[in-house]
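Structure record follows, encoded as structure tokens.
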Amino acid sequence: MNHWAHKGRRHCDPWWENETLWHREWKGHFPAEWQEICLNDADTGERHIADVRAENGIVVEFQHSFMRREEMVAREAFYKNMVWVVDGTRLKTDKARFLKNGRHLNDIWRGLIFLTQFPEETFNKNWVGRSKPVFFDFAGLSENIPEGKGKLLWCLLPGAVSRGSIVLSIKQSDFVERVKAGDLMDFIGEVYRYGQSHNQLITQRAINREKEWLAMKYSRRKPGRLRRRRRL
Numbered sequence: 005m006n007h008w009a010h011k012g013r014r015h016c017d018p019w020w021e022n023e024t025l026w027h028r029e030w031k032g033h034f035p036a037e038w039q040e041i042c043l044n045d046a047d048t049g050e051r052h053i054a055d056v057r058a059e060n061g062i063v064v065e066f067q068h069s070f071m072r073r074e075e076m077v078a079r080e081a082f083y084k085n086m087v088w089v090v091d092g093t094r095l096k097t098d099k100a101r102f103l104k105n106g107r108h109l110n111d112i113w114r115g116l117i118f119l120t121q122f123p124e125e126t127f128n129k130n131w132v133g134r135s136k137p138v139f140f141d142f143a144g145l146s147e148n149i150p151e152g153k154g155k156l157l158w159c160l161l162p163g164a165v166s167r168g169s170i171v172l173s174i175k176q177s178d179f180v181e182r183v184k185a186g187d188l189m190d191f192i193g194e195v196y197r198y199g200q201s202h203n204q205l206i207t208q209r210a211i212n213r214e215k216e217w218l219a220m221k222y223s224r225r226k227p228g229r230l231r232r233r234r235r236l
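The structure is reproduced here in structure tokens:
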């Protein structure tokens, strides 16, 4: 779809931001009829344009510029069934932070599912704690990717676990195909359940180790030390 095709609709959406080549390249992975879809709230009359809305109703919002958290909350409430794709190359510090601290992600399944105790140290803290999945694109435009290598996205899943957050690594091509197939949210749900289950297992093991340590510690003490002597 030509990027000027819906310029006339901008007046109806206060959330509209000027498109970059990054936006257009991403939207080009999806059918033209899914792009820039005007959605209306019948109750409030509120009206916004979704970057991509698939046949099954999932909305994909591509975000390049800075966004206030209040607007994030508003968009998530309006679209409901949605995911974010964030340009992780806009700020040099974002990519540098990920390259530095991403190495400390705890791999719990084949280099695809991870746990992180401190997501704000790996990802832009403005996007931490969202109620919808956030996919970070740290590769940027396809021209920046070496030939023969695909683009990887890093998804920060919503919902905290006792040891932090769950992170998913997924190829861009797999992400696009799952959106088209209509099973992206089901897949994310499976990933979350696996991460949650693994986190509970780790937590229980830690509790058991602590119990064993305490039992050994007190078993070495002489019984007399645990009692107070009665004064006559």
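Take the sequence shown: its letters are residues 5 to 236, numbered as in this note's numbering. Don't be surprised by glycine CBs; every beta carbon is placed ideally from N, CA and C.
Coil, strand or helix - residue i by DSSP
i	result
G168	strand
Q176	helix
V132	coil
D45	coil
W26	helix
N60	coil
R79	helix
I192	helix
M86	strand
T93	coil
E151	coil
A185	helix
F2	Only positions 5 to 236 of the chain appear in the structure, and residue 2 is not among them; the question remains open.
L116	coil
Burial state of residue i (16 or more Cβ within 10 Å)
i	result
L282	Absent from the model: residue 282. The displayed extent of the chain is 5 to 236, so no value can be given.
H108	exposed
F122	exposed
D190	exposed
N148	exposed
Member of the options whose CA lies at the smallest distance from the CA of residue i
i	options	result
S69	T93, E37, D190, V56	T93
Y83	I192, V89, V63, Q200	V63
R79	D98, I53, G61	I53
Y198	V183, D178, I170, L25	I170
M86	Y222, H27, I192	I192
V132	D45, S223, V77	V77
Y196	G168, A81, E147	G168
V90	V165, A81, D55, T120	D55
Between the CA atoms of residue j and residue i - distance to the nearest angstrom
i	j	result
R57	L43	10 Å
Q67	S201	31 Å
W20	I206	44 Å
W30	E23	11 Å
K237	S177	With the chain covering 5 to 236 only, the question about residue 237 has no answer from this structure.
Cβ neighbours of residue i in the same chain (closer than 8 Å, five flanking residues each side left out)
i	result
E59	W38, G186
W8	Legend: pLDDT at W8 = 33, less than 50; position of this residue unreliable, no value from coordinates given.
L25	L145
V180	H33, F34
Own chain partners of residue i with C-beta closer than 7 Å, once the 5 adjacent residues on each side are dropped
i	result
L116	L172, S173
Beta-carbon proximity list for residue i, same chain, < 6 Å, skipping 5 on both sides
i	result
E50	none
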